[in-house]
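Reviewing the structure listed below.
Protein chains in written order, with the numbering used here: chain V, 2 to 317; chain P, 180 to 546.
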């Protein structure tokens, strides 16, 4: 239903744009993959369902032509953040928004079916039914949804030129968005340190988290690789890996739009977004600021007040 | 020493403990949902029901290998400028066993052997690790998502690179020694006589092979089409979605490109060799600032070309891909190398038709 409407909308935006970025089925029924279509007759491959996990807005700063992009609510915040930071020319982007009730975590589904090859995937009544050579497995979507969907406040894109379907409201309480952060903070410092050392210890420094992150804009001057300055060695020690992930997180302070791409793409299943979510919770507490919501906002780290209301200065 | 054997399931840990007495034993270990090769410990959750997220290549070809360590020392108390440098290189690694990797993982080492050993300047670090490591592979009884080993000269029970091949049969594993090192591993007393399981194992192996799909066209050419390969537009189109990360290369059992850096603090340091990835922007960046592969489409072309064209040209047609499917399974945006190579091996493809009928390249950016 929505797929047909999406196809119609995509056909409408031609010839105003040179390309539309959307999703198509990937190498199996469980995976989707970004599709770049350049003529209206290529829309037959377009899909829209809860497997459309990639944040397609992330491609925008690298494209200089007039582009249309299909975004879910979470992805749309990327566009707002790009506008705040001057990383895209809004007049060069046509935003096709889709209200979204949540996607699934492909990793969670694959784990539930023992990484078996996927023969078919069906969705019905809040369940996703996955067929593999070992049989059919019915999984509740709620059990295999990524963390970001469980607290989603923006099911309808915050910015769009076309909306496919009707706007919907969040049914998740705003007050509990950072419950997981608060819960984690109950652990002692030593416990938290041990947790991150163990998790980041799995890191293979493939930088999928960095390259999939829409807000990672340092490009070839990334601290992870630059030799001048030489902040991080190429060694595979826990210290080096931690340092990279800490810097990644801190660079995103007040900029992370919580699209969850960093965590979704990690081949080693590291909870990469956890530190970022903590920083976002601090942004909310200190500056009452949510990144990627209003194009006219200035990110808190781009400015400062001599007397920040909620920050106690060290009285030196 | 026996050529075959049988390892009952309940004796796996006993076997691994016996091996651990004089070797470092690496087993696919599950931590949460991630399986990676870790040194065996009795409380490890051994993952044999699926391939590990990352192959065991780091055991023999470490992601970070110290080539040498160095230290600057003052030689004259009266003249602090007079320094001597002391250099040390060690390759005295312990004996190791890789247990429970897949035949594709082991085949990766056979592919490295040609590069690092079958040359008049064999790599001493690789050689030392390789000679001291026994590889006990587990045949796959069925393929996993993205697997295509049969299309690249391998198979779910391929023996290349392994010292022992295990096949899961009722209540245990049938073991076949393939090398002297393998025969030595089977001499551990835990291993029982395997002769009666041979027929069952052979049947499982034959059936497994039939289950693996070949994603290439039925009339695929042996070599990739040079015409399509040389079409820039083709590479730009297939890499539109690539995010240029290193997941595909670091998870690949056959990628072996490396970087060498000196990591020094004060007067001491180490020269290390670390994995490099052709998908990174810095790959082949030269000191002058020039980069012969400045765009992701050029770099991806190198990745495919290395595996399916340059390496086969150099090594009698051998393909430097083992079809393990990890680059497909774990790619953030589901780039499918088997699809791309399928186009390149399709005799019906011609560049003009390809470019006209597929979605166009949006931009050959450096991203």
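Cβ atoms here follow ideal geometry from the backbone N, Cα and C, with glycine treated the same way. All values reported here derive from a predicted model rather than from experimental measurement.
task: With 7 Å as the limit, tell me which residues of the region 420 to 440 of chain P have their beta carbon closer than that to any beta carbon of chain V; keep them in chain order.
output: Listed in sequence order: 420, 422, 423, 424, 425, 426, 429, 430, 438, 440.
Rounded to a whole number of angstroms, what is the C-alpha to C-alpha distance between residue 200 (chain V) and residue 212 (chain P)?
A straight line joining the alpha-carbon of residue 200 (chain V) with that of residue 212 (chain P) spans about 12 Å.
Inset, instruction - Tell me, to the nearest whole angstrom, how far the beta carbon of residue 479 (chain P) is from that of residue 425 (chain P); I am working on the premise that it is less than 8 Å. - result: Residue 479 (chain P) to residue 425 (chain P), Cβ: 12 Å. No contact.
Hey, does residue 207 (chain V) have any beta-carbon neighbour from chain P nearer than 9 Å? Chain P, which has a Cβ nearer than 9 Å to the Cβ of residue 207 (chain V), makes this yes.
Problem set entry | Per-residue burial, residue 303 (chain V) [other beta carbons within 10 Å of its own, 16 or more giving buried] | Residue 303 (chain V) should be labelled exposed.
Answer yes or no: does any C-beta atom of chain P fall closer than 9 Å to that of residue 93 (chain V)?
-> Contact with chain P is absent for residue 93 (chain V), since none of that chain's Cβ atoms lies less than 9 Å from the residue's Cβ.
### Query
Hey, is residue 544 (chain P)'s beta-carbon within less than 9 Å of any beta-carbon in chain V?
Its pLDDT being 48, under 50, residue 544 (chain P) is placed unreliably in this model, and the value from its coordinates should be taken loosely. Any Cβ of chain V closer than 9 Å to the Cβ of residue 544 (chain P) would place that residue at the interface, and such an atom is present.
Grouping DSSP H, G and I as helix and E and B as strand, with all else coil, what is residue 522 (chain P)?
Taken through DSSP and simplified to helix, strand or coil, residue 522 (chain P) comes out as helix.
query = Quick one: does residue 213 (chain P) have its CB under 9 Å from some CB of chain V?
reply = Yes - at least one Cβ of chain V is within 9 Å of the one on residue 213 (chain P).
| said: Any beta carbon of chain P sitting closer than 9 Å to that of residue 239 (chain V)? | reply: Closer than 9 Å to the CB of residue 239 (chain V) there is not a single CB belonging to chain P.
| task | Can you tell me the Cβ-Cβ gap for residue 205 (chain V) and residue 269 (chain V), rounded? I've got them flagged as a contact below 8 Å. | result | Going by Cβ atoms, the distance from residue 205 (chain V) to residue 269 (chain V) rounds to 6 Å, so yes, they are a contact pair.
Checklist entry - Can you tell me whether DSSP reads residue 269 (chain V) as helix, strand or coil? => result Three-state DSSP puts residue 269 (chain V) in coil, outside helix and strand.
Contact list for residue 242 (chain P) against chain V, beta-carbon separation under 9 Å: Those are 205, 206, 237, listed as they occur along chain V.
Going along the chain, which unbroken runs of the alpha helix (DSSP H) with 4 or more residues stay wholly within the region 220 to 283 of chain P? If we require 4 residues or more, the alpha helix (DSSP H) runs fully inside the region 220 to 283 of chain P come out as 236 to 239.
Exercise. Would you say residue 304 (chain P) faces chain V, with C-beta separation under 9 Å as the test?
Worked result: No Cβ of chain V is located within less than 9 Å of the beta carbon of residue 304 (chain P).
Within 10 Å of its beta-carbon, does residue 444 (chain P) have 16 or more other beta-carbons around it, so buried, or fewer, so exposed? Under this definition residue 444 (chain P) is an exposed residue.
Per DSSP, the bridge partner or partners of residue 492 (chain P): DSSP, once it has assigned bridges, lists no residue as partnering residue 492 (chain P).
Problem set entry | Cutoff 9 Å: residue 116 (chain V) Cβ touching any chain P Cβ | A Cβ of chain P is located within less than 9 Å of the beta carbon of residue 116 (chain V).
Worksheet entry | Per DSSP, the bridge partner or partners of residue 438 (chain P) | Beta-bridge pairing links residue 438 (chain P) to P:453.
### Query
DSSP puts residue 345 (chain P) in a beta bridge; with which residues?
As DSSP reads the structure, residue 345 (chain P) sits in a beta bridge with P:317, P:354.
| message | Taking beta-carbon pairs under 9 Å, can you tell me which members of the region 235 to 269 of chain V lie near chain P? | response | The residues in question are 235, 236, 237, 238, 262, 265, 266, 267, 268, 269.
### Host beta strand (DSSP E) of residue 25 (chain V) (start-end)
From DSSP, the beta strand (DSSP E) with residue 25 (chain V) extends over 20 to 26.
Cβ of residue 199 (chain V) within 9 Å of any chain P Cβ
Yes, residue 199 (chain V) counts as interfacial toward chain P.
**Request:** Output, in chain order, the set of chain P residues within a Cβ distance shorter than 7 Å of residue 15 (chain V).
**Result:** Under a criterion of Cβ atoms nearer than 7 Å, no residue of chain P is adjacent to residue 15 (chain V); the nearest Cβ is some 13 Å distant.
Let me check one thing: in DSSP terms, what residues is residue 164 (chain V) bridge-paired to? Looking at the DSSP assignment, residue 164 (chain V) forms a beta bridge with V:98.
**Asked** Near residue 281 (chain V), which residues of its chain fall below 6 Å by C-beta distance, leaving aside the five closest residues on each side in sequence?
**Response** If we look at residue 281 (chain V) and ignore the five residues flanking it on each side, its Cβ neighbours are 257.
Buried or exposed by the 16-neighbour rule on C-beta atoms within 10 Å, applied to residue 183 (chain V):
Residue 183 (chain V) should be labelled exposed.
*Decide if residue 247 (chain V) is buried, meaning its Cβ has at least 16 other Cβ atoms within 10 Å, or exposed.*
By the 10 Å Cβ count, residue 247 (chain V) comes out exposed.
#### Entry: Check whether residue 35 (chain V) and residue 420 (chain P) have beta carbons under 9 Å apart
Result yes, Cβ atoms of residue 35 (chain V) and residue 420 (chain P) sit closer than 9 Å.
I'd like to know if residue 550 (chain P) contacts chain V, where contact means its C-beta is closer than 9 Å to some C-beta of that chain. Residue 550 (chain P) lies beyond the range of chain P shown here (180 to 546); nothing can be said about it.
CB contact check: residue 308 (chain V) to chain P, cutoff 9 Å = By this cut-off, residue 308 (chain V) is not an interface position.
Establish whether the CB of residue 37 (chain V) and some CB of chain P are separated by less than 9 Å.
Yes, because at least one Cβ of chain P sits closer than 9 Å to the Cβ of residue 37 (chain V).
Going straight from the alpha carbon of residue 118 (chain V) to that of residue 190 (chain V), what length do you get? Cα-Cα distance, rounded: 41 Å.
Beta-carbon spacing of residue 29 (chain V), residue 387 (chain P) below 9 Å:
No, they are not a contact pair.
*For residue 478 (chain P), return the contacting residues in chain V, with the cut-off set at a CB-CB distance below 7 Å.*
From the beta-carbon of residue 478 (chain P), no residue of chain V is found nearer than 7 Å; the closest lies around 12 Å away.
Using the beta-carbon count (16 or more within 10 Å), is residue 515 (chain P) buried or exposed? With 16 or more Cβ atoms within 10 Å of its Cβ, residue 515 (chain P) is classed as buried.
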